[in-house]
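Numbering follows this note's numbering, in which position 304 of the sequence shown is assigned residue number 516; successive positions increment by one, without gaps. Backbone N, C-alpha and C define an ideal beta-carbon position, used for all residues, glycine too. The structure displayed is predicted, hence computed values, not measured ones. Following: one structure in structure tokens, then a few remarks.
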Amino acid sequence: MDAEWMLTVQEALTRPLFQGAQVIAGSEGLDRPIRWVHILETPHFETLIHGQEMILTTGISLNLDAASSVVFMDNLIRQNAACLCIEIGPFFGEATVSVELVALADSHRFPLILFPRTVRFVDITQDLHSLIINRHHRSLEELESLSREFYRLTLTSQGTHNVLKLLHKSTQAQTVLRPLRGKALFAPALPPAEQETLQLRLNAILEEWETSGVGTASPNAAPVIQSQGDEYVVLKPVGALGQTWAYLIMVCPREPREYVSLLLDSASLAIAQELLRTRFLEERKLFSENLWVDELMNGRLDDEQRIRASLGPDFKALNELGFRICLIEIENLHDSGLGHETGSDNEWESIRFHLSLVLRSAFEKHGFRPLITMKNNRLAVVALDLKSKSLAKKRLQQALESLLDLRTDDRLKNLRFAIGIGKLHVHLKNAHAGYQEAVQALSLNGCFHKPILFFEELGVFQLLLGLNDGRTLQAFVRNYLGPLIDHDRAKGSELLLTLRVFLDCDGSKQIASQQLFIVRQSLYYRLEKIAALLGDDFMSPENRIAAQVALRAHQLLHPEAFAAPLTQGGGDEASHAGKTVAGPVDNTASSDY
Numbered sequence: 213m214d215a216e217w218m219l220t221v222q223e224a225l226t227r228p229l230f231q232g233a234q235v236i237a238g239s240e241g242l243d244r245p246i247r248w249v250h251i252l253e254t255p256h257f258e259t260l261i262h263g264q265e266m267i268l269t270t271g272i273s274l275n276l277d278a279a280s281s282v283v284f285m286d287n288l289i290r291q292n293a294a295c296l297c298i299e300i301g302p303f304f305g306e307a308t309v310s311v312e313l314v315a316l317a318d319s320h321r322f323p324l325i326l327f328p329r330t331v332r333f334v335d336i337t338q339d340l341h342s343l344i345i346n347r348h349h350r351s352l353e354e355l356e357s358l359s360r361e362f363y364r365l366t367l368t369s370q371g372t373h374n375v376l377k378l379l380h381k382s383t384q385a386q387t388v389l390r391p392l393r394g395k396a397l398f399a400p401a402l403p404p405a406e407q408e409t410l411q412l413r414l415n416a417i418l419e420e421w422e423t424s425g426v427g428t429a430s431p432n433a434a435p436v437i438q439s440q441g442d443e444y445v446v447l448k449p450v451g452a453l454g455q456t457w458a459y460l461i462m463v464c465p466r467e468p469r470e471y472v473s474l475l476l477d478s479a480s481l482a483i484a485q486e487l488l489r490t491r492f493l494e495e496r497k498l499f500s501e502n503l504w505v506d507e508l509m510n511g512r513l514d515d516e517q518r519i520r521a522s523l524g525p526d527f528k529a530l531n532e533l534g535f536r537i538c539l540i541e542i543e544n545l546h547d548s549g550l551g552h553e554t555g556s557d558n559e560w561e562s563i564r565f566h567l568s569l570v571l572r573s574a575f576e577k578h579g580f581r582p583l584i585t586m587k588n589n590r591l592a593v594v595a596l597d598l599k600s601k602s603l604a605k606k607r608l609q610q611a612l613e614s615l616l617d618l619r620t621d622d623r624l625k626n627l628r629f630a631i632g633i634g635k636l637h638v639h640l641k642n643a644h645a646g647y648q649e650a651v652q653a654l655s656l657n658g659c660f661h662k663p664i665l666f667f668e669e670l671g672v673f674q675l676l677l678g679l680n681d682g683r684t685l686q687a688f689v690r691n692y693l694g695p696l697i698d699h700d701r702a703k704g705s706e707l708l709l710t711l712r713v714f715l716d717c718d719g720s721k722q723i724a725s726q727q728l729f730i731v732r733q734s735l736y737y738r739l740e741k742i743a744a745l746l747g748d749d750f751m752s753p754e755n756r757i758a759a760q761v762a763l764r765a766h767q768l769l770h771p772e773a774f775a776a777p778l779t780q781g782g783g784d785e786a787s788h789a790g791k792t793v794a795g796p797v798d799n800t801a802s803s804d805y
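Here is the structure:
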């Protein structure tokens, strides 16, 4: 099936030095491969061999009587040795070849070979090693030649199909390329009925692999081999940019060896390069076609007839899907060396398409059809959900988190992203509303200190954004929090932060003191100070609600207000006589409110 560089036992027996050698057992295993030749004269060899070695021995120091020879061979079989060659002489006689030894060799298809006369083991070792090394060298040359041919074929018409044909010709195995989207390719071609049968079988194997986690392996992962009755199925993910786009599958009549795995790796890389080129060209085309997406999200395309004309025949199906608008901002475009100020326009254009391609792959992998447009340092995506809506938010989160972790992508790894996501909508004419929600979520990334922010997570900020005219919110904040703000500025205290944490903890002094990293006595002092500045009724229902809204409004106006980490103690309460500001949290029983 392949040009494997290892010898078989049968081939070794044809060498001149093996003239007169007798195979007395295990003749059904003469096709076993020999990776190397090793001389063993010790019964304790578990750490001395790696497997697939031809073992030569005279029996010296082994005490190879009928019983111990069985133990010796059994250990060799367990260590996956290729065969055992014994020189008949003073240390091992023909009488030592017991019925049990022959039966053991036959049952494991393990060739047992006897030299009836003295042979020079060093000559056998030199002869077979030279043959193995020469074959290995020729095998590598052939592999390199085939790899170049794979890459050359990808530059021809129907390049992927030609690669599959050459892979089949080189291995004599049925070869299948199963893309995640589109029809499978077969080499050699099969009748429709046989194609369907094989595809159903492969689909079942892939589902099993995906369930076990193998199907989500990186395209850089080694091929996976699975036994299927009398055949072996070899799976190799194909893709780039950390995404799997297809599976290259081979159905082999016998267990594939190392050469086949290397050949499969080479073919998969060639196919991946062609797929990457094709996707890059498609991305350029989609980018130019999706200029209408910008008009859609900005409310200039709200007529369904015009949207239908832009989407084409897919309009009816896509228009009924749930979707979210995702707004992705590159925060350090110019600092990363990719913006117009520090890099060339051509470089930035290339990065745009590269980023768009990575993003599209991530969305498709998690079950979304993305419509992407870009302006300046922002990408806007209409993420149409092709799967169940019940897990849509989680899958969308996973797709976007993969964008945040691009450490293996040299071109994008230095970029920092902030992402805002609108609510779930149906019917594309509502895209403008989703876009406005995404804009609001993106604008509050700094307040929440989260790289990915959904609109429904904004809470009262949804209301405050509409009131942010520069005066209304400022006046509201001054009315309810002015004394605390002034005190913190004058004294360097943390009363505003303390009030925020205390209210967020539903008035629990124990939890608030833990989150502020202060003992409860220090919290009591701070609360007394807050009551003195805001009034003793600051925890009444109306004032409490107003204070919480004012705190959010202050955060909206000053995103850095609560960005600093909480300190252990500090502020003016540190100088309050008799108050301890350091030490373990006080967990003594007392009222939390």
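**OP:** Label G783 either buried or exposed according to how many other C-beta atoms from any shown protein chain fall within 10 Å of its C-beta, with 16 as the threshold for buried.
**Re:** The predicted model places G783 with a pLDDT of 45, which falls under 50 and marks its position as unreliable; any figure quoted below should be read in that light. So G783 ends up on the buried side.
Original post:
CB-CB under 6 Å to L778, same chain, minus the five flanking residues each way: which ones, in chain order?
Top reply: In this prediction, L778 scores a pLDDT of 45, lower than 50, which makes its location untrustworthy; the coordinate-derived value is nonetheless stated afterwards. So the qualifying residues of the chain are L728, F729.
Subject >> E253, DSSP secondary structure in three states >> reply: coil
**OP:** Determine the burial state of I298: buried for a count of at least 16 other Cβ atoms within 10 Å of its Cβ, exposed for fewer.
**Re:** buried
Original post:
In terms of alpha-carbon separation, which member of Q231, T259, M266, L252 lies closest to D243?
Top reply: M266
Subject >> Selection from I742, L715, A762 that minimises the alpha carbon distance to V672 >> reply: A762
Original post:
Can you check whether the CB of R347 is closer than 9 Å to the CB of A294?
Top reply: Their beta carbons are not under 9 Å apart, which means A294 does not touch R347 by this criterion.
Subject >> Euclidean distance between Cα positions of L513 and L677 >> reply: For L513 and L677, the distance between alpha carbons rounds to 25 Å.
Original post:
Taking S573 as the reference, which of V283, E223, L487, W421 has the closest Cα?
Top reply: L487
Original post:
Mind checking K448: buried by the 16 CB within 10 Å criterion, or exposed?
Top reply: Of the residues assessed, K448 falls on the buried side of the cut-off, its CB having 16 or more other CB atoms within 10 angstroms.
Subject >> In DSSP terms, what L296 is bridged to >> reply: Secondary-structure assignment with DSSP links L296 through a beta bridge to I267, L324.
Subject >> Supposed contact pair P435 and L476 - C-beta distance, whole angstroms, cut 8 Å >> reply: Between L476 and P435, the beta carbon gap of about 5 Å places them in contact (Cβ cut-off 8 Å).
Subject >> F327 to H349 span [Cα, whole Å] >> reply: 30 Å
Original post:
What is the DSSP secondary structure of R581, reduced to helix, strand or coil?
Top reply: When DSSP states are grouped into helix, strand and coil, R581 belongs to the strand group.
**OP:** With DSSP collapsed to three states, give me the class of I730.
**Re:** coil
Original post:
Between which two residues does the alpha helix (DSSP H) harbouring G658 extend?
Top reply: That run of the alpha helix (DSSP H) goes 657 to 660.
Original post:
Would a C-beta distance cut-off of 9 Å place A233 and I325 closer than the cut-off?
Top reply: yes
Subject >> Cβ-based neighbour list, L219, same chain, cut-off 8 Å, excluding 5 preceding and 5 following >> reply: P245, I246, L340, L343, I344, R347
Original post:
The beta strand (DSSP E) with K625 in it runs from where to where?
Top reply: Segment: none, K625 is in no beta strand (DSSP E) and carries neither H nor E.
Original post:
Around the Cβ of V283, are there at least 16 other Cβ atoms within 10 angstroms (buried) or fewer (exposed)?
Top reply: Its Cβ having fewer than 16 others within 10 Å, V283 is exposed.
**OP:** From the DSSP output, in three-state form, read off F303 for me.
**Re:** coil
Original post:
Which same chain residues, not among the five before or five after H380, have their C-beta less than 8 Å away from its C-beta?
Top reply: Q386, T387, A399, P400
Original post:
Applying the criterion that 16 or more other CB atoms from any shown protein chain within 10 Å of the CB defines a buried residue, is R599 buried or exposed?
Top reply: For the record, residue 599 in the displayed sequence is Lys; it is not Arg. Exposed.
Subject >> Through-space distance from G658 to I742, alpha-carbon basis >> reply: 27 Å
Subject >> H639, buried or exposed, once every other Cβ within 10 Å from all chains shown has been counted against 16 >> reply: The Cβ neighbour count for H639, taken over all protein chains shown within 10 Å, is under 16; the residue is labelled exposed.
Subject >> Alpha carbon of V249 to alpha carbon of M285, nearest angstrom >> reply: 16 Å
Original post:
Are the beta-carbon atoms of S478 and L358 separated by less than 9 Å?
Top reply: yes
Subject >> Beta-carbon spacing of T337, L418 below 9 Å >> reply: No, Cβ-Cβ distance for T337 and L418 is not below 9 Å.
Original post:
Based on the DSSP secondary-structure assignment, which residues constitute the bridge partners of S439?
Top reply: Under DSSP, S439 shares a beta bridge with Y444.
Original post:
Taking the C-alpha atoms as reference points, what is the distance between P796 and E740?
Top reply: The pLDDT assigned to P796 is 37, lower than 50, so where the model puts this residue is not dependable; a value taken from the coordinates is nonetheless given after this. Cα to Cα, P796 sits roughly 21 Å from E740.
Original post:
Below 8 Å, can you find three or more Cβ-Cβ pairs linking the region 640 to 647 to the region 502 to 522?
Top reply: Result yes; three or more Cβ-Cβ pairs closer than 8 Å.
Original post:
Taking the beta strand (DSSP E) that V235 falls in, what are its first and last residues?
Top reply: 234 to 237
Subject >> Residue nearest to R496 in terms of C-alpha spacing, selected from L523, L567, N531, L481 >> reply: Of the candidates L523, L567, N531, L481, the one whose C-alpha sits nearest the C-alpha of R496 is L567.
Original post:
Considering E467, what are the terminal residues of the beta strand (DSSP E) in which it resides?
Top reply: Per DSSP, E467 belongs to no beta strand (DSSP E) and is neither H nor E.
**OP:** Inspect the beta-carbon positions of L769 and V689 and report whether they are closer than 9 Å.
**Re:** yes
Subject >> Residue of G394, G441, T383, T456 minimising C-alpha distance to L355 >> reply: Nearest C-alpha to L355: T383.
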